[in-house]
Each structure stands twice: as C-alpha cells, then as structure tokens.
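**Student:** Numbering (the numbering used here), first residue to last: 16 to 50. Backbone N, C-alpha and C define an ideal beta-carbon position, used for all residues, glycine too. These numbers come from a predicted model, not from an experiment.
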Amino acid sequence: MEYIYAAMLLHKAGKDINEENLTQVLTAAGINPDA
Numbered sequence: 016m017e018y019i020y021a022a023m024l025l026h027k028a029g030k031d032i033n034e035e036n037l038t039q040v041l042t043a044a045g046i047n048p049d050a
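(1) Please report the residue range of the alpha helix (DSSP H) in which M23 lies.
(2) Starting from A43 and walking both ways along the alpha helix (DSSP H), at which residues does that stretch end?
(3) Is L37 closer than 7 Å to E17 when the C-beta atoms are compared?
The following block contains the structure:
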C-alpha cells in the first residue's frame, strides 16, 4: 500500500514515477523498500 501512496505523491508533485523516485519517497518516510 505504501507504494501506491508514494506513486500518488509523486504524481501530485509532477515527478516521474520510477523506481528511483519511489525508493526516495519511501526512504524519506522511514519505510525500507523491498530490494
């Protein structure tokens, strides 16, 4: 579910939705993304 919220946040911010940006958002939120 965290990935969906991260993708929605990136979309709202006008950023590309890709692995690097998703990882940055999840890490900033204190979530350890799957490897």
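**Tutor:** In this structure, then:
(1) What you label residue 23 is simply residue 8 of the sequence shown in a count that begins at 1. Taken as a continuous stretch (DSSP letters only), the alpha helix (DSSP H) holding M23 covers E17 to A28.
(2) Counting from 1 along the sequence shown, the entry for residue 43 is found at position 28. Element bounds for A43: E34 to A43.
(3) The residue labelled residue 17 in the question sits at position 2 within the sequence shown. The residue labelled residue 37 in the question sits at position 22 within the sequence shown. Contact: no.
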